[in-house]
Each structure stands twice: as C-alpha cells, then as structure tokens.
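Asker:
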Amino acid sequence: MIKVAIIGAENVGKSTLMNALLGRNISEIAPIPGTTKGIIRRAFGKVKIPKSIKNPFGRADEFVLIDTAGLFDPQMELRGKVLSEEKFKEIIREITSSDVIIHMIDAQFGLHRGMEKLHHLLKFRYEKPIIVVINKIDLVPREKVEELRRIVKKRLEQEPILLSLVTYEGFNELLNALVYYAQYAKKNSSL
0 MIKVAIIGAE
10 NVGKSTLMNA
20 LLGRNISEIA
30 PIPGTTKGII
40 RRAFGKVKIP
50 KSIKNPFGRA
60 DEFVLIDTAG
70 LFDPQMELRG
80 KVLSEEKFKE
90 IIREITSSDV
100 IIHMIDAQFG
110 LHRGMEKLHH
120 LLKFRYEKPI
130 IVVINKIDLV
140 PREKVEELRR
150 IVKKRLEQEP
160 ILLSLVTYEG
170 FNELLNALVY
180 YAQYAKKNSS
190 L
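Using numbering that gives the first Met the number 0, count along the sequence shown one by one with no gaps and you end on 190.
Written out as structure tokens, the structure reads:
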C-alpha cells in the first residue's frame, strides 16, 4: 500500500484530483476556498492503471490517497483561512508520513512562496518523492502556462506536469509519474 498526499494552496483542485484518480466522488468540491477543512483519507479500493501504461506492479496496486486542506491562501502569504495552528500541524504530520507527494499549483496564481518552502522541506529534509502538477491550464493562455512551467522548473528544480481536470490533458502523464514514484517508494519502504 502506497500513501499519497495531495497538497497545495486553497482551491487548487486537490479534491477534484482525488475524485478523478478514484473514479468517484469521495471529496466534496466547490469553487469556494476552504471546502476541505482537514484531511480526507478515504481511498477505497485501488487506483486503476490504464492498460496503455506499463505497470511495474503487474496489476493495479492499492494507493491510499490523502486529500488535504489548502495550506495557504492562493493570493496572499497567509495560512489557509480554515486552518487553526493545531490543524495545520496535523496536516503537516500527515504529509511527512506519506510515501509520495503530489504538489499542485494553480495555473491562475502560480507558485506560492509558502508552498515552495514546504516543497523544499519535504524534498530535502524528509527526502520525499514529489510530483509537481500545474493544474487548471485550461483557464489561462498557453503562453502564461509555459512561462509558469519555466518558473516552477527553475524554483523547484523539477519539471512540472501540466494538467487540466476538465479536459484531462496531462492525466496519463500524472498516472505514469505516480506509478514510477510509487515503485520508488515501495523499494525504499522495504529497506
């Protein structure tokens, strides 16, 4: 079993991604920031790996997906509106105990400084494999998406996946990355 935490600023699409990966509505979604107020750990069943993707497990493996509350306001350098200090620390503990992290960035707002700091902390101190995703690319001009991709790659030292959960552009690429990093996490957890 691979534990995958989905993190990001408020209203970046974490719950929508969790629902898309599971193929059903587990997390409540709304255009209002702060809809998810804590941690949702309900990943019933397995993430289905399409036949077109070579699965190193030889079958669909079980992933526990963790949908977290938005850690920061997407437009300001503030902690998420619904998070108390205690809730914030609880979410950070949950994230640091995960095997793989999906770090989501909203294409409309770009990379949040607080999320950038958390990304580097998870990557270097906790040595977590992180998949960086720029979501909502269907809502901004392609030139802006490409500019943000270059900025994110430079600041996080990692190529992001460009994703739209409306058109599903980039979804198979995300599944490939998830399978790859889960295999890496599985090897490390057996050491």
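Where a beta carbon is used, it is the ideal one built from N, C-alpha and C, also for glycine. Since this is a predicted model, take the numbers as computed values, not measurements.
#1: Sort out for me which residues DSSP pairs residue 161 with in a bridge.
#2: For the beta strand (DSSP E) containing residue 102, name the first residue and the last one.
#3: Can you give me the start and stop residues for the beta strand (DSSP E) that residue 62 sits inside?
#4: In angstroms, rounded to a whole number, what distance separates the CA positions of residue 158 and residue 119?
#5: Which of the three DSSP states is assigned to residue 127 in this structure?
#6: Considering Cα atoms alone, identify which of 145, 61, 117 is closest to residue 3.
#7: Report the CB separation of residue 133 from residue 173 in whole angstroms; it is logged as a contact under 8 Å.
#8: According to DSSP, is residue 7 part of a helix, a strand, or is it coil?
#9: When you compare only the Cα positions, how much space is there between residue 14 and residue 138?
#10: State the DSSP-derived secondary structure class of residue 87, mapped to helix, strand or coil.
#11: How is residue 71 classed by DSSP in three states: helix, strand or coil?
#12: For residue 17 and residue 5, which I take to be in contact (beta-carbon distance under 8 Å), what is that distance rounded to the nearest angstrom?
Answerer: Short version:
#1: Answer is 133.
#2: From DSSP, the beta strand (DSSP E) with residue 102 extends over 99–105.
#3: First-last of the beta strand (DSSP E) with residue 62: 62–67.
#4: Rounded to the nearest angstrom, the two C-alpha atoms are 14 Å apart.
#5: In this structure, residue 127 counts as coil in the three-state DSSP scheme.
#6: Looking at the Cα atoms, 61 is the closest of the given residues.
#7: The pair is not a contact, with the Cβ atoms about 11 Å apart (cut-off 8 Å).
#8: For residue 7, the secondary structure class from DSSP, reduced to helix, strand or coil, is strand.
#9: Roughly 18 Å between the two C-alpha positions.
#10: Shown here, residue 87 sits in a helix according to DSSP, grouped into three states.
#11: Assignment of residue 71 by DSSP, reduced to helix, strand and coil, places it in the strand class.
#12: Going by Cβ atoms, the distance from residue 17 to residue 5 rounds to 6 Å, so yes, they are a contact pair.
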